[in-house]
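J.:
In this note's numbering, the protein residues as written are 657 to 1807.
#1: For residue 1686, count the other beta carbons within 10 Å of its own beta carbon; 16 or more makes it buried, fewer makes it exposed. Which is it?
#2: Suppose you measure from the CA of residue 1292 to the CA of residue 1672; what does that come to, to the nearest Å?
#3: If we ignore side chains and look at the alpha-carbon of each, how far apart do residue 933 and residue 1182 end up?
#4: Do residue 1299 and residue 1267 have their C-beta atoms within less than 7 Å of each other?
#5: Helix, strand or coil, according to DSSP, for residue 1293 in the structure here?
#6: Would you report the Cα separation of residue 991 and residue 979, rounded to the nearest angstrom?
#7: Could you tell me the boundaries of the alpha helix (DSSP H) in which residue 1811 lies?
#8: When we look at the beta-carbon of residue 1427 and count the other beta-carbons within 10 Å, is it buried (16 or more) or exposed?
#9: If I follow the unbroken alpha helix (DSSP H) through residue 1705, where does it start and stop?
#10: Under the rule that 16 or more other beta-carbon atoms within 10 Å means buried, what is residue 698, buried or exposed?
#11: Within the continuous alpha helix (DSSP H) that includes residue 1543, where are the two ends?
#12: Buried or exposed for residue 1184, going by 16 or more other Cβ atoms inside 10 Å?
#13: Quick check on the burial criterion: 16 or more other C-beta atoms within 10 angstroms. Buried or exposed for residue 1783?
#14: What runs of the alpha helix (DSSP H), each 4 residues or longer, lie entirely inside the region 1406-1467?
#15: Does the Cβ of residue 840 have 16 or more other Cβ atoms within 10 Å, making it buried, or fewer, making it exposed?
#16: Cα-Cα, which of 1623, 1425, 1399, 1693 is closest to residue 1408?
#17: Would you kindly report the start and end of the unbroken alpha helix (DSSP H) that includes residue 1042?
#18: Determine the direct distance from the alpha carbon of residue 1379 to that of residue 1304, and round the result to whole angstroms.
#19: Taking 7 Å as the cut-off, decide whether the C-beta atoms of residue 909 and residue 1157 are in contact.
#20: According to the Cβ coordinates, are residue 1444 and residue 1438 closer than 7 Å?
#21: Got a sec? Which residues, its chain only, sit under 8 Å from residue 972 by beta carbon, not counting five neighbours each side?
#22: Between the Cα of residue 1049 and the Cα atoms of 1069, 1117, 985, 1124, which residue gives the shortest distance?
#23: Please report the residue range of the alpha helix (DSSP H) in which residue 1593 lies.
#24: I need the boundaries of the alpha helix (DSSP H) containing residue 749, first residue and last residue.
#25: Does the region 953-961 touch the region 1025-1034, meaning 3 or more C-beta pairs lie closer than 8 Å?
#26: At the level of alpha carbons, what is the spacing between residue 1474 and residue 1332?
#27: Measure how close the beta-carbons of residue 1454 and residue 1476 come, nearest whole angstrom, since I'm counting them as under 8 Å.
#28: Judging by CA-CA distance, which residue of 1485, 1528, 1520 is the nearest neighbour of residue 1500?
#29: Skipping 5 residues on each side, what residues in its chain have a beta carbon closer than 6 Å to that of residue 1559?
#30: Measuring from the CB of residue 1632, is there a heavy atom of the ligand COA at a distance below 6 Å?
#31: Beta-carbon separation of residue 1793 and residue 1736 under 7 Å?
#32: Which residue wins for smallest C-alpha separation from residue 1133, given the options 1172, 1116, 1394?
#33: State the start and end residues of the unbroken alpha helix (DSSP H) segment that holds residue 820.
#34: Do the region 1566-1586 and the region 1541-1550 make contact, defined as three or more Cβ pairs closer than 8 Å?
#35: Could you tell me the alpha carbon to alpha carbon distance between residue 767 and residue 975, rounded to whole angstroms?
#36: The alpha helix (DSSP H) spanning residue 1487 covers which residue range?
Here it is as structure tokens:
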């Protein structure tokens, strides 16, 4: 009796057909024109029906009699009212199927029981035919609309829309049906409800339906329209057949002859009017009776509740296939016209009207009725922050989930993706087929039809799973455990859940199945910025202002997918000077998306589109997370121009905000927390975080993954100066002015640093490179010096030498560069030249010497905090022998001193001080020199000799004195001595060489063993040392240490230099009144013996050398005095001889 009590929508068609049929024919079918209220019997036999309704309901005896005459079994006429239960044709079925005799007096109750209780074939044929004639005559009675006017009189007055309908065309009852939810009058509501159940059991009772669909029924073989050719009470199958034909036509894209438009409208109208109660969909009702009892037993019929319940259980294993198919057909009709869902149409009616979702004059009416149009329109309203009723949102959620659970509900997917489904997916429940299609599209192994991809993209937009992950059942089930652990702080259904899952991608909390489902969905969300509700909400105004976008569901946009987001991120990192910046909230969301997309190259639509061939060519084996972009960056010079452009743009963004590289940031979390947390918390990165990671690359918190990632990014930066954000911003004007047409960062750095060096050496009044660029240039050069791979020219030319001499040396901390420096004599020519150039640059600016700055970091803070950067090494040298000097730093300083003494060009201070002396005294050495090769200390040796001859300028003399003092303490600082005396040092002075600290022992050893030295070159160098020591006692540390007290007492007033203090000591030694310290006296006597031997071993070869010897001699006063006396004696003797000669000559003349 359920159907008897419910309101049914089909009265719209019932009233229309009844009125039209009466007007057109003017008589009842089968000639039954005598059925009227007067012959119908007493009203009480019709239960609670109103009087008018009772008359209509019982006005059938004539029709029944006419039908009986056709069967030659005329029923007897009765004046008391005809009862269906009294007919012999149905007595046996009535007793068997409707044992409740209390309802037999009501013809409609009997009709409902017989037609609903069991399937039609269970009724006797005579009873079937009798029932059909009863219903047909009832629906075609001309009093039907007049009864509506009588029973619903007050209701029609209240419903102004119905009162205005034209009478006589059936529109009145149609309007009443549409507004039956607002009918409060009991009799009117009962009238509409009771009459609805009559018509839905037979499509032929809907006047006009048979005429509109006659040809289509025959074409589709849905059954005969002639009575008797088919079981006349199985007409639910006919409508079902037509509905399936309509669905198939949509799925095939109209490939075959389609159902006519007027029949389509009739079918959809029947489906719409049966949406209230599943009893009215006869085929579905019979197919799902058992399933309704199994799953929805406690669900009251009406308002589409049973439909929704069955939809929710569609994929249950115990659901019968017949019911599942019927439900699928019903759902496909809903997709074509949302009004086929009673609950959705009712819940969203007001919202659709308020937001004008059905008033688009440019849209065909059929398009407006589609479920997709309703969803897109109302989702647009929600995304714009406007209100949609809770009931409507709930209904939308149900149908969005429905679309993602069953791909077959989307005719475009079925039409365009059939091949992919058959080849790769098959049919899976609960949304897994759609995820399979997404996976096939992501893998790129098999070409996917563009129409299929477009259909999938459209479906994702319609379902909008980004706004509520629960819509995607496959994702929800796969990620439930991850959500419960990693995202439990976020409210269920919040869009932030998807973002949270993305942030935990490739972490320990992520599970494989969730990872796959998430990436499959994000592949499509990433291709349309609107599908990320957080991004759209924060950026819709910016996108409209800057990127000229339109509404959320505007399909007329000419921009390709991904273009809007590309526009947004291009403006996200603009400075205020550049203008048209994004709002802070939008910028934050753009950064979030960039961080998440960096996890997988397929989440970057533009990158995948442009780089597909290059990915296959260069990166087919790089399938790990985040490695495809790394691979493309590694092959930036090899990929095509389109790919190079998009990879370059992404890399440029990374340089400004390295947090885009989420995998790197995760790997570097420990070092960021320990050393870079202050810059990591900045909302605007501007390259500070990467700079901090580079500076702390060798901290103990740095792990291998982070170190490799940071180094890789440094290597990528070398390919284009734009990839270093801070360098680009500081130096872009200088690059355009001084280094045009140069793109590689290393070349730009070389160009700018060369300009800076030349300006410095030439003492230019104004540096051509700006201050901010020079400051950043130093940072870049220091970073490059940390790893030889960051200097491509040096690395490429030294690869063979690295394999030979530094194979097991790590690249970081400039260790390979240091190894090459230590093995410089063994390097190939090309490598040697470039190492020399590197050293020259480092000596010009010690801050670029990574090893020196790293090892001596604390000592620089202690001793040289206020020193100029370029004089940093000089400061360290001056403090090298201090008690607080770190031994490791002291060792490094000594290494740099050894390097400086190999060539004057590696000692900027000496080069500047002696710039006039070098060409004056050492031109012969310069003429033999070759560029980029050391002179092995020859120029410095030349200057040392001139120092001994006291011929140098004051500034140059001061610098040479320092070099002499240092090299006297450590033989390694004298490259010529080390070169010429290698064997002698090993043979004669092995013990001194092995000393932990060099204090001049080796030089003293060589002096003491001068007679044993056979090699002329070595002997000459030792003699030069002796000669140099005559000029200044400070260059003889052993003698100076031994005679320190005597110098203080005997020569305190004598200034150092030019041999003055040495002469003072020699005079004191000769003065018997002066008592020198024994050690000093012994050392002085040894020196006199050595000088004497030196004079014999290497006598002066010319007057100039002789003069030099005299002038450099400690006894030069004595020698000069004796020379003066000799000259005076010779002069006097000459005068005397002259006089005698003159007298003799005069005497001879006188003769």
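Every residue, glycine too, gets a C-beta built ideally from N, C-alpha and C.
Keep in mind the model is a prediction, meaning the values are calculated, not measured.
T.: Well, looking at it:
#1: By one-based count along the chain shown, residue 1686 stands at place 1030. It counts as buried.
#2: For this step, residue 1292 is matched to residue 636 along the chain shown. For this step, residue 1672 is matched to residue 1016 along the chain shown. Cα atoms of residue 1292 and residue 1672: separation of roughly 58 Å, rounded to the nearest angstrom.
#3: As a first step, residue 933 is located in the chain shown; it is residue number 277 there, counting from the start. As a first step, residue 1182 is located in the chain shown; it is residue number 526 there, counting from the start. Straight across, the Cα-Cα distance linking residue 933 with residue 1182 is about 41 Å.
#4: Here the question's residue 1299 lines up with position 643 in the chain shown. Here the question's residue 1267 lines up with position 611 in the chain shown. Residue 1267 sits close to residue 1299, with the two beta carbons spaced by under 7 Å.
#5: Within the chain shown, the letter at position 637 stands for residue 1293. Of the three classes helix, strand and coil, the one that applies to residue 1293 here is coil, per DSSP.
#6: As a first step, residue 991 is located in the chain shown; it is residue number 335 there, counting from the start. As a first step, residue 979 is located in the chain shown; it is residue number 323 there, counting from the start. Their backbone Cα atoms lie some 18 Å apart in a straight line.
#7: Residue 1811 is absent from the model: the chain starts at 657 and stops at 1807.
#8: Within the chain shown, numbered from 1, the residue matching residue 1427 stands at position 771. Exposed, by the Cβ-count rule.
#9: Locating residue 1705 in the chain shown gives position 1049, where the first residue counts as 1. Residue 1705 -> alpha helix (DSSP H) spans 1700-1706.
#10: As a working note, residue 698 is residue 42 in the chain shown. Summary for residue 698: the model assigns pLDDT 29, below 50, so the residue's position carries little reliability, and this model does not support an answer.
#11: Walking along the chain shown from the start, residue 1543 turns up at place 887. Unbroken alpha helix (DSSP H) run through residue 1543: 1543-1558.
#12: For this step, residue 1184 is matched to residue 528 along the chain shown. Residue 1184 comes out buried.
#13: By 1-based counting over the chain shown, the position of residue 1783 is 1127. With fewer than 16 Cβ atoms within 10 Å of its Cβ, residue 1783 is classed as exposed.
#14: Those alpha helix (DSSP H) runs which fall completely within the region 1406-1467 and span 4+ residues are 1427-1441, 1448-1461.
#15: Working through the chain shown from its first residue, we reach residue 840 at position 184. Within a 10 Å sphere around the beta-carbon of residue 840 sit fewer than 16 other beta-carbons, which makes this residue exposed.
#16: Locating residue 1408 in the chain shown gives position 752, counting from the first residue. Here the closest residue by C-alpha is 1425.
#17: In the chain shown, counting from the first residue as 1, residue 1042 sits at position 386. Residue 1042 -> no alpha helix (DSSP H), and no H or E assigned at all.
#18: Looking up residue 1304 in the chain shown gives position 648. Looking up residue 1379 in the chain shown gives position 723. Per the coordinates, the alpha-carbon of residue 1304 lies some 8 Å from the alpha-carbon of residue 1379.
#19: Here residue 909 refers to the residue found at position 253 of the chain shown. Here residue 1157 refers to the residue found at position 501 of the chain shown. No, the Cβ-Cβ distance between residue 909 and residue 1157 is not below 7 Å.
#20: As a first step, residue 1444 is located in the chain shown; it is residue number 788 there, counting from the start. As a first step, residue 1438 is located in the chain shown; it is residue number 782 there, counting from the start. Their beta carbons are not under 7 Å apart, which means residue 1444 does not touch residue 1438 by this criterion.
#21: In the chain shown, counting from the first residue as 1, residue 972 sits at position 316. Excluding residues within five positions, the ones whose Cβ falls inside 8 Å are 951.
#22: As a position in the chain shown, residue 1049 is number 393, starting the count at 1. Ranking the options by Cα distance to residue 1049, first place goes to 1124.
#23: As a first step, residue 1593 must be located in the chain shown, where it is residue number 937. Unbroken run through residue 1593: none, as it is neither H nor E.
#24: Here residue 749 is taken as the residue at index 93 of the chain shown, counted from 1. It spans 744-753 - the alpha helix (DSSP H) in which residue 749 sits, taken as one unbroken run.
#25: Cβ pair count under 8 Å is below three, so no.
#26: Stepping through the chain shown from its first residue, residue 1474 is reached at position 818. Stepping through the chain shown from its first residue, residue 1332 is reached at position 676. If you take the alpha carbons of residue 1474 and residue 1332, they lie about 28 Å apart.
#27: Start at 1 with the first residue of the chain shown, and residue 1454 comes out as number 798. Start at 1 with the first residue of the chain shown, and residue 1476 comes out as number 820. The pair is a contact, with the Cβ atoms about 6 Å apart (cut-off 8 Å).
#28: The residue labelled residue 1500 in the question sits at position 844 within the chain shown. The shortest C-alpha to C-alpha distance from residue 1500 to any of 1485, 1528, 1520 is the one to 1528.
#29: On the chain shown, residue 1559 is found 903 positions in, with the first residue counted as 1. Closer than 6 Å at Cβ, skipping near neighbours: 1590, 1591.
#30: The ligand COA is absent from the structure shown, which contains no ligand whatsoever.
#31: Walking along the chain shown from the start, residue 1793 turns up at place 1137. Walking along the chain shown from the start, residue 1736 turns up at place 1080. No, the pair does not count as a contact, with Cβ atoms beyond the cut-off.
#32: One-based indexing of the chain shown puts residue 1133 at position 477. Residue 1133 has its Cα closest to that of 1172, out of 1172, 1116, 1394.
#33: Against the chain shown, residue 820 aligns to sequence position 164. Element bounds for residue 820: n/a, residue is neither H nor E.
#34: The region 1566-1586 is not in contact with the region 1541-1550.
#35: What you label residue 767 is simply residue 111 of the chain shown in a count that begins at 1. What you label residue 975 is simply residue 319 of the chain shown in a count that begins at 1. In this structure, the alpha-carbon of residue 767 lies about 29 Å from that of residue 975.
#36: Within the chain shown, the letter at position 831 stands for residue 1487. Per DSSP, the continuous alpha helix (DSSP H) segment holding residue 1487 begins and ends at 1485-1500.
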